[in-house]
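*Asks:* Below you'll find the structure I mean.
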Amino acid sequence: MDYIQVKERIEQLREQIRENNEAYYVFDSPKIKDYEYDELFRELKRLESEYPELVTKNSPTQQVGDRISSGFKEYKHKYRLYSLDNSNNYDDLRKWYERVLKESTDKYDLELVTELKIDGLSCALSYENGVLKIGATRGNGIIGENITENIKSVTDIPKKLSKNVNLEVRGEIYMPVSSFERLNKENSEKGLKEFANPRNAAAGSLRQLDSKITAQRDLHFFAYTAIAEDKSLFKTHEESLKFLQESGFNVNPNYSLVKGIDEVINQCAYWENERFKLNYATDGMVVKINDLNKQNELGFTSRAPKWATAFKFPPEEVWTKLNGIELSIGKTGALTPVALLEPVQLAGSTVKRASLHNFDEIQRLQINTGNDVLIKKAAEIIPKVIRKKENQDCGIYETPKYCPSCGWELVKPEGEVALYCPNTTGCPAQIKGKIEYWASKEAMDIDGIGASLVEKLYNADLVRDFADLYKLTTDDFMKLDLIKEKSADNLYSAIQNSKNPSMTKFLTALSIKLIGKETADLIANEFPSLQDIKNAKIQDFTEIDGIGEKAAKSIVDYFLDPQNKKVLDKLQEYGVNPQGSSFQKISNVFAGKTFVITGTLSAQRSVFEEKIKKFGGKVSSSVSKKTSYVLAGENPGSKFDKAVSLGVIILKESDFNLLAEGSNINE
Ligand code: AMP
Ligand code: ZN
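Structural data, given as structure tokens:
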């Protein structure tokens, strides 16, 4: 670009940004996606930094937000509200931190606080002697709108604090995702305008001139900044958050105090996926220097503090080309279409495949090879296809009639959307899938056996079901390409060492339709031996809390099938014996409690699992808000960190033993 072109481009960008600012801030109705807006903004910033002489005072880069929408009184903020500078990736975060370190007097790692960036509407609250006087929007940061009446109808904004202080509070007003969806549903039924996202719904609700309407909307508030007249009240950002909490505010619980930028990045990476489980929208993380003196030392640029940065989560949606559809056959014969995509960057990773779930979904999307499709990162690891480009006709992918692996005609069981290959014991894809699953971590946990080895074993005619694994010798493995004696030996031992699994693992590993790990666990807890399970009737299973008719029928059918009987007999012959859980409940001290175990304990994990169950508790493999306790041994893993971030109580082994004896521990 020559100089004239640069000038023109800058003007064009400013115009576009202003237009979108207006749509966003004034009409609560954005025309473009946030990340598209960010791209415009970034390009403008880049050009302006290359041509500093072209920077003007009224360029959007020099301002915060946009003008006030009419209808409310203006209010001049006591302290200016700044915007935040963005970090678009981990590199940006590191650069920001380097700059901070350079300007700071300390050269060692600093304490930082990471917070979720709530995607709502920021507002400023002014308290005098603990009483709410003014509530205002950010506006341009210097002047906002006085929306005190509306603010007062937000139930979790305290009208009077538990402390008699002069305090400025900033935070985010937001609408929970579930309430947003409900509101849109109601609006669409009434023929009213639907909001584009929870942020716009919150903004639209808050800016109602009639505060009675605001009061009907489900609005909430998270406080994230406190400015006190009395500077002795808190010295760090973290202390200020605690102070806010003690004063009666909701502070988002998912903040962390960390040291150095690596830990910041860990938090960002963690929340990039976890955030989808929250009932409020987040568009990034905010990273702040913890020490308030240091914050003052660093100060502000014309629009943002230097002591903070906003890490933007990468875009969750992107367009790419559908290169084809692959049919994958699961271990129970269910056929899943998988979209093969032109590789594209999405949410920090390269995506080549996306789930299409089933053939009804393909009909709904009306897609075929050649279409441009929009893909989205969701809570799951595998992204999904949202829609195709409008008016682009490539036909619709034809639903297959025959199994691509064995050629049998596919069936669609009543009441199910999935197509199945009914050739459960003869279909190569299903056989391989079952063997692979048998060895997987969740099932028998045999090290070293994955898809490619199973493929080789199958092609060499060495296995036809998972029982065959137990007759393999070291020599058999060495017959396969590229397997050396040492690894062959290891594989052999790993298989032989798996002969005494817990009943839960064994049942899970069988790949019985509808019987996953959780259900297998319920069954294992109820029956003392495999023989008892084989003898049980449908009703014996449905009597177990958590097992329905379909699952019960599936398991009874499984043990009646002569092919399955053959495999089970073979397993027995080779000495594979699941350990019946002959325990009996001896107490209820853990009733209603869910445990997750991490790290190395003084005995095998199964000992503790058994103990938990004996005392009436449950064991789960992953930490969530529902987890009651995490039992942590030496060198705990990521579950420990997750427990910390969710505020789940962590027990040392000694705490656990005390609890089991019925004593209380100090949290
Ligand atoms: P921006 O809108 O990109 O200028 O980013 C600044 C805005 O982020 C603030 O005005 C707040 O509305 C919002 N925000 C959301 N969560 C936080 C948080 N935890 N700390 C600071 N700002 C936040
Ligand atoms: Zn098949």
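Everything in the sequence shown is counted per the numbering used here, starting at 5 for the first residue and increasing by one. For every residue, glycine included, the Cβ atom is placed at its ideal position computed from N, Cα and C. Computed from a prediction, not measured in an experiment: that's the story for all the values here.
Could you say which of S491, N362 and A471 lies nearest to T478 if we only look at CA atoms?
*Replies:* The residue with the shortest Cα to Cα distance from T478 is S491.
*Asks:* As a quick exercise: from E418, H224, I516 and P426, pick the residue whose alpha carbon is nearest that of G411.
*Replies:* Nearest option by C-alpha distance: P426.
*Asks:* Under 5 Å from any heavy atom of the ligand AMP, by CB: list those residues in chain order, please.
*Replies:* Those satisfying the condition are, in chain order, S87, L88, E119, K121, I122, S126, E176, Y228 and V290.
*Asks:* With a threshold of 7 Å on Cβ separation, who are the neighbours of E553 within its own chain once the five nearest residues in sequence on each side are excluded?
*Replies:* T546.
*Asks:* Which same chain residues end up closer than 8 Å to N294 when comparing Cβ atoms and leaving out the 5 residues on each side of it in sequence?
*Replies:* Excluding residues within five positions, the ones whose Cβ falls inside 8 Å are L114, E115, L116, V117, T240, H241, E242 and L261.
*Asks:* Can you grab the Cα-Cα spacing for the pair L476 / S444, in whole Å?
*Replies:* So the two alpha carbons sit approximately 18 Å from each other.
*Asks:* Which residues does DSSP pair with D376 in a beta bridge?
*Replies:* According to DSSP, which records beta bridges pairwise, D376 is partnered with K325.
*Asks:* Mapping the DSSP letters down to three states, classify K509 as helix, strand or coil.
*Replies:* Looking at K509 - three-state DSSP - the assignment turns out to be helix.
*Asks:* So is E440 buried or exposed if we call it buried at 16+ other beta carbons inside 10 Å?
*Replies:* With 16 or more Cβ atoms within 10 Å of its Cβ, E440 is classed as buried.
*Asks:* Indicate, with yes or no, if the ligand ZN has a heavy atom lying under 7 Å from the CB of N427.
*Replies:* Within the cutoff, so yes.
*Asks:* For N565 and T428, I'd like the C-alpha separation in whole angstroms.
*Replies:* Before going on, a small fix: residue 565 reads as Asp here, not Asn. Spanning the two alpha carbons is a distance of roughly 11 Å.
*Asks:* Check whether the segment 303 to 313 touches the segment 390 to 410, taking contact to mean three or more Cβ pairs, one atom from each stretch, closer than 8 Å.
*Replies:* No: fewer than three Cβ pairs fall under 8 Å.
*Asks:* Mind checking whether D89 and A314 have CB atoms under 8 Å apart?
*Replies:* Contact: yes.
*Asks:* Assuming S87 contacts G145 under a Cβ cut-off of 8 Å, what Cβ separation, rounded to an integer in Å, is found between them?
*Replies:* Going by Cβ atoms, the distance from S87 to G145 rounds to 7 Å, so yes, they are a contact pair.
*Asks:* Name the DSSP beta bridge partners of G134, please?
*Replies:* Beta-bridge pairing links G134 to no other residue.
*Asks:* From the DSSP output, in three-state form, read off F304 for me.
*Replies:* Residue state, collapsed to three classes: strand.
*Asks:* Does the ligand ZN have a heavy atom nearer than 7 Å to the CB of I333?
*Replies:* I333: yes, Cβ under 7 Å from the ligand ZN.
*Asks:* Per DSSP, what kind of secondary structure is R22 in: helix, strand or coil?
*Replies:* R22: helix per DSSP, three-state reduction.
*Asks:* Near R221, what residues of its chain come up, given a Cβ to Cβ distance below 6 Å and the 5 sequence neighbours on each side ignored?
*Replies:* Same-chain partners within the cutoff: S209.
*Asks:* Starting from I293, follow its DSSP beta bridges and name the residues at the other end.
*Replies:* For I293, which the question treats as bridged, DSSP gives the partners L116.
*Asks:* Helix, strand or coil for E320? Go by DSSP, reduced to three states.
*Replies:* The answer is coil: DSSP assigns E320 none of H, G, I, E or B.
*Asks:* Which residues mark the beginning and the end of the alpha helix (DSSP H) in which Y406 is found?
*Replies:* From DSSP, Y406 is part of no alpha helix (DSSP H); its letter is neither H nor E.
*Asks:* Is any non-hydrogen atom of the ligand ZN found closer than 7 Å to the C-beta of A673, if you look at the structure I gave you?
*Replies:* Residue 673 lies beyond the residue range present for the chain, which begins at 5 and ends at 671; the question has no answer from this structure.
*Asks:* Using a threshold of 8 Å, state whether the C-beta atoms of K392 and L360 are closer than that.
*Replies:* No, Cβ-Cβ distance for K392 and L360 is not below 8 Å.
*Asks:* Do Y178 and Y39 have their C-beta atoms closer together than 8 Å?
*Replies:* No, they are not a contact pair.
*Asks:* Taking all protein chains shown into account, do 16 or more other C-beta atoms lie within 10 angstroms of the C-beta of I653, making it buried, or fewer, making it exposed?
*Replies:* Exposed: under 16 other Cβ atoms inside 10 Å.
*Asks:* In whole angstroms, what separates the C-alpha of A383 from that of K189?
*Replies:* Low confidence applies to A383: its pLDDT is 47, below 50, so where it sits in the model is not reliable, and the reading given next is rough at best. Straight-line Cα distance between these residues: approximately 23 Å.
*Asks:* Please list the terminal residues of the continuous beta strand (DSSP E) segment that includes T598.
*Replies:* That run of the beta strand (DSSP E) goes T598 to T602.
*Asks:* Can you name, in chain order, every residue of its own chain whose Cβ lies under 6 Å from the Cβ of K292, other than the five neighbours on each side?
*Replies:* Cβ neighbours of K292 beyond the five flanking positions: V117, H241 and A312.
*Asks:* Taking only heavy atoms of the ligand ZN into account, decide whether any of them is closer than 7 Å to the Cβ of Q434.
*Replies:* Yes.
*Asks:* Report the partner residues of N90 according to the DSSP bridge assignment.
*Replies:* The partner list for N90 (beta bridge, DSSP) reads A314.
*Asks:* According to DSSP, is S502 helix, strand or coil?
*Replies:* Here S502 sits in coil by DSSP.
*Asks:* Taking 7 Å as the cut-off, is the CB of C410 close to at least one heavy atom of the ligand ZN?
*Replies:* Within the cutoff, so yes.
*Asks:* Using the Cβ count rule (16 or more neighbours within 10 Å means buried), how would you classify D573?
*Replies:* Under this definition D573 is an exposed residue.
*Asks:* Apart from the five residues on each side of it in sequence, which residues of its chain come closer than 7 Å, Cβ to Cβ, to A464?
*Replies:* Excluding residues within five positions, the ones whose Cβ falls inside 7 Å are K483 and L484.
*Asks:* Any heavy atom of the ligand ZN closer than 7 Å to the beta-carbon of C272?
*Replies:* No, the ligand ZN has no heavy atom inside 7 Å of this Cβ.
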